[in-house]
Amino acid sequence: MTLPQAVYLHESIETIEPEDFFDVLIIGGGPHALGLAARLREPRPAALYTDIEHSRLAFLQRPDAVKLARQPKKPYNLRAPNPSKLREQAGNHFNDDSFPRLLALDASSPQWLGRWNGFFHHLDIPHLRSPMFFHPSPADVDGLEAFARRVDRENECVDSGGVEDVLPTVGQSKRGADKIRKRATRKKGCVKSSLGAEINERDRSSYARPSSGVFRDFCQKELVER
């Protein structure tokens, strides 16, 4: 994915070359900008396909996929096709020309999430406030959770513990946290009295909060590098 370019206001533009025209101009290089750029270049977004359709399309359109030749009436006359020739005939359905040309401008950093990662580093913020399914990848809503499991870094993600157990975070006062805790306790009591047990138990791991390192590496490997 194209990296954001630094902006210098003192430079003057005399001529505009054809390669300087872009379909989409993105201002900034934060999570929202990265999510927009990834969504515009994602061939199989999760918002348009179900999990079964997404897995089937990913299998059929994988780079090493080779279409089988139609079986003739006499199998003993079958000649093995040339895989390289079939790949040339199939072509690449998702080359760079099929996607819109993007240009991201960020005055703070030439890298994606440069300012975001800098704030998390200097403020020493260990974990995000948002759950695992809040991430900029459009391919899979469970992509961040799957990435943490694949790289064996689930221990870096912490359980939210319910809204009533969350301590005040950056930008939130203790008084505001107390109001949220009391409101959640009343709602939780009503749910337990009417239903008996907690709901969505199978999705509990999705409400864990990822560490800043897991989120940073996920965005770099699954979005920027891919």
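First residue of the sequence shown: 0, per numbering that gives the first Met the number 0; consecutive thereafter.
From the three backbone atoms N, C-alpha and C, an ideal C-beta is built for every residue, glycine too.
C-beta contact flag for residue i and residue j at 7 Å
i: Pro137; j: Ala207; result: no
i: Ala103; j: Gly28; result: yes
i: Val213; j: Arg152; result: yes
i: Val157; j: His126; result: yes
Status (buried if at least 16 other CB within 10 Å, exposed otherwise) for residue i
i: Ile26; result: exposed
i: Asn154; result: exposed
i: Phe20; result: exposed
i: Pro42; result: exposed
i: Glu13; result: exposed
Span separating the alpha-carbon of residue i from that of residue j
i: Ser159; j: Arg40; result: 32 Å
i: His120; j: Gln219; result: 16 Å
i: Asp123; j: Phe146; result: 23 Å
i: Glu228; j: Leu2; result: Residue 228 cannot be examined here, being either before or after the span of the chain that is shown, 0 to 225.
i: Gly240; j: Ile15; result: Shown here, the chain extends from 0 to 225; a query on residue 240 therefore has no answer.
Sequence-distant residues of its chain with Cβ nearer than 6 Å to residue i (five each side left out)
i: Asp139; result: Ala45
i: Gly34; result: Pro135
Beta-bridge partners of residue i, as assigned by DSSP
i: Arg208; result: Val157
i: Val23; result: Leu101
i: His126; result: Ser210
Neighbourhood of residue i by C-beta, 7 Å cutoff - its chain only, sequence neighbours within 5 removed
i: Pro30; result: Leu112, Trp115, Pro135
i: Glu144; result: Met131, Ser204, Ser205
Own chain residues within Cβ distance below 8 Å of residue i, not counting five before or after
i: Arg100; result: Phe20, Phe21, Asp22, Val23
i: Ala129; result: At residue 129 the sequence reads Ser, which differs from the Ala that was named. Cβ within range, chain order: Arg208.
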